[in-house]
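If you're matching positions, the sequence shown starts at 1057 in our numbering and goes up one per residue.
Ideal Cβ positions, reconstructed from N, Cα and C, are used throughout, including at glycine.
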Amino acid sequence: QLEQEIIGVIDFVIDTMKVFGFNDYKIDLSTRPPKSIGTDEIWSQATSALKNALESKGMSYGINEGEGAFYGPKIDIMVKDALGRPWQCATIQCDFALPERFDLTYISADGKKERPVMLHRVILGSMERFMGTLIEHYAGAFPVWLAPVQAAIIPITDRSHDYADNIFRQLQNEDIRVEVDKRNEKLQYKIRESEMNKIPYMLIIGDKEKEAGTVSVRARKEGDIGAVKIEEFIARVKKEIKNKCS
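Below you can see the structure in the form of structure tokens.
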């Protein structure tokens, strides 16, 4: 049962990492240190369960001899960013100490009391470190679903401010994270700043767009898409968010 539980946690970790765009990993198995608790038998069983779980998933791994915690062996899963650098995130840790400390038992199939092995499941690691890893991986150019600002509305002149506010409200009502740039700056300056901030979409609005009821869309990846109805743009963004497109 321990091996199956470990496999389940590995699947959970890998599925979670794939959502965030990580598909390359470095995996280490850390074994019994010189000072530890627990019997040779239980250490051997737990270490074998971790090894078998990794091998059953076809995952290559390194072994850190003697680098486990004093209370049990562990698997460390490090994600690799876009430059191939490993970052510590997930840990699957066997724990022999806490079941003893809390006097945890269960009744086995033969009716005897047995001591369970506890599994610690760390999926992302610390949130601050994981956010740093994401920033490094995407170089700040987050996919639409993760981007702090998903669209920037840039009115060309003051005459378009009312229309920009209307578009802003429509996007907000659809839970799209949006900002309006009404600063008295040149259009190219505002476009360049949005590009530097790596905002996925810019919506350029002028007299022509206001009259036609459209927005001129400029995508971070594709460049100028052209004039589209706001309903079409909303549908596009919501589809990307739903599918977690990168």
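| said: Is the beta carbon of residue 1146 closer than 8 angstroms to that of residue 999? | reply: No answer is possible for residue 999: the residues shown for the chain start at 1057 and end at 1302.
| task | Kindly indicate which residue of 1112, 1144, 1153 has the alpha-carbon position closest to the one of residue 1129. | result | Counting from 1 along the sequence shown, the entry for residue 1129 is found at position 73. Among 1112, 1144, 1153, the Cα nearest to that of residue 1129 is on 1153.
| query | First and last residue of the beta strand (DSSP E) that includes residue 1115? | reply | Residue 1115 sits at position 59 when you count from the first residue of the sequence shown. Note, residue 1115: premise wrong, no beta strand (DSSP E); not H, not E.
| message | I need the boundaries of the beta strand (DSSP E) containing residue 1188, first residue and last residue. | response | The count along the sequence shown starts at 1 and reaches residue 1188 at position 132. Counting along the chain, residue 1188 sits inside no beta strand (DSSP E); it lies in the alpha helix (DSSP H) bounded by residues 1183-1194.
| message | Measuring only the C-alpha atoms, how far is residue 1174 from residue 1198? | response | Against the sequence shown, residue 1174 aligns to sequence position 118. Against the sequence shown, residue 1198 aligns to sequence position 142. The alpha-carbon atoms of residue 1174 and residue 1198 are separated by roughly 36 angstroms.
| Taking the C-alpha atoms as reference points, what is the distance between residue 1082 and residue 1172? | For this step, residue 1082 is matched to residue 26 along the sequence shown. For this step, residue 1172 is matched to residue 116 along the sequence shown. Rounded to whole angstroms, the separation of the alpha carbons of residue 1172 and residue 1082 is 29 angstroms.
| field | DSSP state of residue 1270 mapped onto helix, strand, coil | value | By one-based count along the sequence shown, residue 1270 stands at place 214. In this structure, residue 1270 counts as strand in the three-state DSSP scheme.
| Distance, Cα to Cα, residue 1209 vs residue 1234? | In the sequence shown, counting from the first residue as 1, residue 1209 sits at position 153. In the sequence shown, counting from the first residue as 1, residue 1234 sits at position 178. The alpha-carbon atoms of residue 1209 and residue 1234 are separated by roughly 7 angstroms.
| said: Looking at residue 1203: is its Cβ nearer than 8 angstroms to the Cβ of residue 1142? | reply: Here residue 1203 refers to the residue found at position 147 of the sequence shown. Here residue 1142 refers to the residue found at position 86 of the sequence shown. For residue 1203 and residue 1142, no; Cβs fall outside 8 angstroms.
| field | Residue environment, residue 1090, which counts as buried when at least 16 other CB atoms sit within 10 Å | value | Indexing the sequence shown from 1 puts residue 1090 at position 34. The residue is exposed, with fewer than 16 neighbouring Cβ atoms inside 10 Å.
| Beta-carbon spacing of residue 1144, residue 1188 below 8 angstroms | On the sequence shown, residue 1144 is found 88 positions in, with the first residue counted as 1. On the sequence shown, residue 1188 is found 132 positions in, with the first residue counted as 1. No; because the gap between Cβ atoms is not below 8 angstroms, this pair is not in contact.
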